[in-house]
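The structure under discussion appears below in the form of structure tokens.
There are 2 protein chains.
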Amino acid sequence: MESPDRVLDRGLRLLAALVQDGGRRPLTEVAAAIGLSRASAHRAASMLQGSGYLIRSRRGYYHAGPMLAALGQAARAEAVVAGIARPILAGLARRLGCLAHLGVFEQDMVTYLLKEGAGKDVLFTRADMQLEAYCSGLGKVLLAAQEEEALAAYLDNGPFVRLTPHTLVEPDDLRREIARARDQGFALDRFEAAEDLFCIAVPLRDGAGQVFAAVSLSFPCPDKTPPDWSRALESLKRAAGQIEERMRDYWGGERSSGAAP
Amino acid sequence: MESPDRVLDRGLRLLAALVQDGGRRPLTEVAAAIGLSRASAHRAASMLQGSGYLIRSRRGYYHAGPMLAALGQAARAEAVVAGIARPILAGLARRLGCLAHLGVFEQDMVTYLLKEGAGKDVLFTRADMQLEAYCSGLGKVLLAAQEEEALAAYLDNGPFVRLTPHTLVEPDDLRREIARARDQGFALDRFEAAEDLFCIAVPLRDGAGQVFAAVSLSFPCPDKTPPDWSRALESLKRAAGQIEERMRDYWGGERSSGAAP
DNA sequence: AGTCTATCTCCCACTCTATGAGAGATATGG
DNA sequence: CCATATCTCTCATAGAGTGGGAGATAGACT
Chain P
1 MESPDRVLDR GLRLLAALVQ DGGRRPLTEV AAAIGLSRAS AHRAASMLQG SGYLIRSRRG
61 YYHAGPMLAA LGQAARAEAV VAGIARPILA GLARRLGCLA HLGVFEQDMV TYLLKEGAGK
121 DVLFTRADMQ LEAYCSGLGK VLLAAQEEEA LAAYLDNGPF VRLTPHTLVE PDDLRREIAR
181 ARDQGFALDR FEAAEDLFCI AVPLRDGAGQ VFAAVSLSFP CPDKTPPDWS RALESLKRAA
241 GQIEERMRDY WGGERSSGAA P
Chain Y
262 MESPDRVLDR GLRLLAALVQ DGGRRPLTEV AAAIGLSRAS AHRAASMLQG SGYLIRSRRG
322 YYHAGPMLAA LGQAARAEAV VAGIARPILA GLARRLGCLA HLGVFEQDMV TYLLKEGAGK
382 DVLFTRADMQ LEAYCSGLGK VLLAAQEEEA LAAYLDNGPF VRLTPHTLVE PDDLRREIAR
442 ARDQGFALDR FEAAEDLFCI AVPLRDGAGQ VFAAVSLSFP CPDKTPPDWS RALESLKRAA
502 GQIEERMRDY WGGERSSGAA P
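Residue numbers (the numbering used here), protein chains in the order written: chain P, 1 to 261; chain Y, 262 to 522.
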């Protein structure tokens with residue numbers, strides 16, 4: 001294997017070598033190290049520079065260019081998982097007739113990266129929005145994944161603002177709820193953020209088992225009665241597993257959950 | 262122009278198109294949009310996937326891969342400027358017989374990215390170290406570039422720890438010193454961090470004129486007498502200009518400080 | 001579970017592109 | 001200002017990439 005498009009391969013290898021070298025060695029040396037003739041290396045480097053993948057400081061010395069910085073932004077785990085999860089959550093939301101969210105934990109807040117499902121505007125949330133963590137299913141699942149120390153610091157901010165009669169505002173109540181979420185592997189939002197909104201959430205784990213995001217399903221309940229969420233939870237867990245599975249390649253392929261040195 | 266290595270060019274264009282699309286459109290569509298035949302697109306995509314630049318979720322849907330994330334790290338402005346500045350500061354330090362530093366402002370602290378010059382171990386600093394900002398030339402130059410609001414918040418942490426008899430520990434004194442640095446365009450450290458160390462520092466500005474880092478020269482003074490720093494300052498300013506000049510390509514090439522459309 | 005659509009793989013002859021060595025132009029640094 | 005090493009340019013040859021089409025297959029929808 002590894003046969004077709006040798007030019008592309010060589011170009012990418014040169015790019016990686018130059019960038020990871022950090023501009024210490026000149027092009028000639030780096031090129032020789034990966035078995036490229038000088039002329040070919042120069043042609044490739046010029047192309048890479050013209051496309052913005054490299055910049056040149058002195059003669060022979062190249063550094064990572066703005067295009068790599070831009071693509072690097074799109075290659076962050078949050079951006080990638082959003083792209084991967086979008087169709088999965090959209091299908092799930094459509095099938096169950098509810099709203100699906102994907103969010104990450106940032107600075108004690110939940111940042112919503114994705115909002116999929118029919119009637120996207122019936123709910124106050126939107127993509128790229130930040131919301132408090134204590135009153136949503138996503139927030140509680142993400143809080144449950146925090147270090148004990150960080151969680152304690154967060155709870156010290158309480159008592160929290162009461163949004164509905166069901167909102168958990170006392171740190172002790174919230175701590176108990178979060179502990180339960182940690183044990184169960186999922187969290188509920190029983191009308192705690194809005195009076196007519198019921199919500200279930202599960203975490204997403206990376207290759208090392210670390211929680212890096214969470215997904216949730218929100219059910220509008222005009223009659224303020226909890227829906228039957230047991231089947232929906234199974235579907236949500238299956239979707240989460242699918243997302244994790246498809247993120248596997250992203251987490252390096254090497255370091256999985258194995259314990260070998 | 263735009264002729265050689267068409268495979269590389271096409272591969273890079275496909276990579277950028279797929280990544281920036283965020284995995285919304287399938288490979289076939291994206292390939293057609295940039296004028297690539299299906300077979301060629303598949304070959305290129307397989308190569309990019311094999312090298313870690315792309316990952317595939319479903320059939321036909323590609324996302325940014327781990328290699329892009331890794332190279333994106335190396336493409337951050339701080340990493341690039343360190344690579345570009347290294348030889349320049351090394352030469353300057355060697356010629357003047359002093360130590361040169363490059364640092365950025367992070368969370369009210371100065372992070373040292375570079376330490377060049379003879380006798381690297383005579384000083385306590387090292388690369389990737391974090392130091393307080395109030396007592397160094399770098400720190401004062403970087404503080405001078407902060408928003409008034411952020412600066413006020415920082416000064417509220419004072420009075421600061423007195424490291425030498427010359428250390429400015431009172432917020433008011435420090436505020437005056439930082440205002441002077443802002444006006445002059447450089448800052449001094451008159452034995453404020455160590456009793457036998459004199460230091461000059463100037464900021465580095467990006468394409469929009471924003472300060473994103475700073476460079477400094479440190480002179481060991483066993484006799485505790487200020488050296489003649491006027492000529493050194495000129496050299497340092499020239500070096501800073503050179504670094505800024507060589508970073509120009511990085512800042513997009515388009516938006517410079519010019520006013521013409 | 002079954003069906004269907006669209007992606008992917010494979011194939012092969014043609015075309016044209018990349019290759020690499022050498023000599024000369026030109027920066028960069030001392 | 002000179003020296004060193006990078007870059008550009010040229011060219012003949014090899015051989016690699018191209019793309020159209022047909023068949024395999026995975027993934028989505030019912």
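Virtual Cβ for every residue (Gly too), placed ideally from N, Cα, C.
Can the beta-carbon of L350 (chain Y) be found less than 9 Å from the beta-carbon of E367 (chain Y)? By 1-based counting over the second sequence, the position of residue 350 (chain Y) is 89. By 1-based counting over the second sequence, the position of residue 367 (chain Y) is 106. No, the Cβ-Cβ distance between L350 (chain Y) and E367 (chain Y) is not below 9 Å.
Please compile the residues from chain Y whose C-beta is within a distance smaller than 7 Å of the C-beta of R246 (chain P). Counted from its first residue, the first sequence places residue 246 (chain P) at position 246. Within 7 Å Cβ-Cβ: S318.
Does the CB of G258 (chain P) have a neighbour CB from chain Y at under 9 Å? Your numbering for residue 258 (chain P) matches position 258 in the first sequence. Summary for G258 (chain P): the model assigns pLDDT 33, below 50, so the residue's position carries little reliability; its value from the coordinates is reported in the next sentence. Not closer than 9 Å to any Cβ of chain Y, the Cβ of G258 (chain P) fails to qualify, so no.
Proximal chain Y residues relative to D223 (chain P), where beta-carbon distance stays under 8 Å: As a working note, residue 223 (chain P) is residue 223 in the first sequence. Per Cβ cutoff of 8 Å: no residues; D223 (chain P) is ~37 Å from chain Y at best.
Compare the Cα-Cα distances from A39 (chain P) to each of P:G60, P:G22, P:M129 and P:G52 and report the closest residue. What you label residue 39 (chain P) is simply residue 39 of the first sequence in a count that begins at 1. Ranking P:G60, P:G22, P:M129 and P:G52 by Cα distance to A39 (chain P) puts P:G60 first.
Decide if the region 307-315 of chain Y is in contact with the region 336-346 of chain Y; the criterion is three or more beta carbon pairs, one per stretch, under 8 Å apart. no
Can you tell me whether T28 (chain P) is helix, strand or coil according to DSSP? Position 28 of the first sequence, counted from the first residue, corresponds to residue 28 (chain P). Helix at T28 (chain P).
Where does A100 (chain P) fall in DSSP's three states? Against the first sequence, residue 100 (chain P) aligns to sequence position 100. If DSSP states are grouped into helix, strand and coil, A100 (chain P) belongs with the strands.
By the criterion of Cβ-Cβ separation under 7 Å, what are the contact partners of L273 (chain Y) in chain P? Here the question's residue 273 (chain Y) lines up with position 12 in the second sequence. Per Cβ cutoff of 7 Å: S51 and Y53.
Can you look up H42 (chain P) in the DSSP assignment and give me helix, strand or coil? Start at 1 with the first residue of the first sequence, and residue 42 (chain P) comes out as number 42. H42 (chain P) falls in the helix class under three-state DSSP.
Beta-carbon separation (whole angstroms), L269 (chain Y) vs V7 (chain P), contact threshold 8 Å: The residue given as residue 269 (chain Y) occupies position 8 in the second sequence. The residue given as residue 7 (chain P) occupies position 7 in the first sequence. That belief holds up - the Cβ atoms of L269 (chain Y) and V7 (chain P) are roughly 5 Å apart, short of 8 Å.
Checking 9 Å against the spacing of the C-beta atoms, do L363 (chain Y) and S477 (chain Y) come in under that value? Residue mapping note: residue 363 (chain Y) aligns to position 102 of the second sequence, counting from 1. Residue mapping note: residue 477 (chain Y) aligns to position 216 of the second sequence, counting from 1. Their beta carbons are under 9 Å apart, which means L363 (chain Y) touches S477 (chain Y) by this criterion.
Mind pulling the chain Y residues with CB within less than 9 Å of A41 (chain P)? Walking along the first sequence from the start, residue 41 (chain P) turns up at place 41. Residues of chain Y with a Cβ closer than 9 Å to the Cβ of A41 (chain P) do not exist, since the nearest Cβ in that chain sits about 11 Å away.
Looking at C-alpha atoms only, which residue of P:A194, P:L96 and P:D5 is the closest neighbour of P222 (chain P)? In the first sequence, residue 222 (chain P) corresponds to position 222, counting from 1. The residue with the shortest Cα to Cα distance from P222 (chain P) is P:A194.
Separation of R248 (chain P) from H324 (chain Y), as counted between CA atoms: Position 63 of the second sequence, counted from the start, is the residue given in the question as residue 324 (chain Y). Position 248 of the first sequence, counted from the start, is the residue given in the question as residue 248 (chain P). If you take the alpha carbons of H324 (chain Y) and R248 (chain P), they lie about 12 Å apart.
Enumerated in chain order, which unbroken segments of the beta strand (DSSP E) with a length of 3 residues or greater are wholly contained in the region 380-431 of chain Y? 391-393
Which residue wins for smallest C-alpha separation from D417 (chain Y), given the options Y:A330, Y:D369 and Y:G470? By 1-based counting over the second sequence, the position of residue 417 (chain Y) is 156. The option with the nearest alpha carbon to D417 (chain Y) is Y:D369.
Residue from Y:Y395, Y:V430, Y:Y511 and Y:L458 whose Cα sits closest to the Cα of A469 (chain Y): Against the second sequence, residue 469 (chain Y) aligns to sequence position 208. Selected option, being the one with the closest Cα: Y:Y511.
Member of Y:L497, Y:P265 and Y:A411 whose CA lies at the smallest distance from the CA of R355 (chain Y): Taking the second sequence and counting its residues from 1, the one referred to as residue 355 (chain Y) is at position 94. Here the closest residue by C-alpha is Y:L497.
Would you check if the distance between the CB atom of A214 (chain P) and the CB atom of P227 (chain P) is smaller than 9 Å? Numbered from 1 along the first sequence, position 214 holds the residue referred to as residue 214 (chain P). Numbered from 1 along the first sequence, position 227 holds the residue referred to as residue 227 (chain P). For A214 (chain P) and P227 (chain P), no; Cβs fall outside 9 Å.
Need the endpoints of the alpha helix (DSSP H) that S477 (chain Y) sits in, please. In the second sequence, residue 477 (chain Y) corresponds to position 216, counting from 1. That residue, S477 (chain Y), is in no alpha helix (DSSP H); its beta strand (DSSP E) goes V472 to P481.
Between which residues of its own chain and A442 (chain Y) is the CB-CB distance below 7 Å, once the five residues before and five after are set aside? Indexing the second sequence from 1 puts residue 442 (chain Y) at position 181. K401, V402, A405 and A448.
Tell whether a beta-carbon distance below 9 Å holds between G272 (chain Y) and D5 (chain P). Start at 1 with the first residue of the second sequence, and residue 272 (chain Y) comes out as number 11. Start at 1 with the first residue of the first sequence, and residue 5 (chain P) comes out as number 5. A contact, by the Cβ cut-off of 9 Å.
Reducing DSSP to helix, strand and coil, say where T249 (chain P) ends up. Position 249 of the first sequence, counted from the start, is the residue given in the question as residue 249 (chain P). It should be pointed out that residue 249 (chain P) corresponds to Asp in this sequence rather than to Thr. Reduced to three states, the DSSP call for D249 (chain P) is helix.
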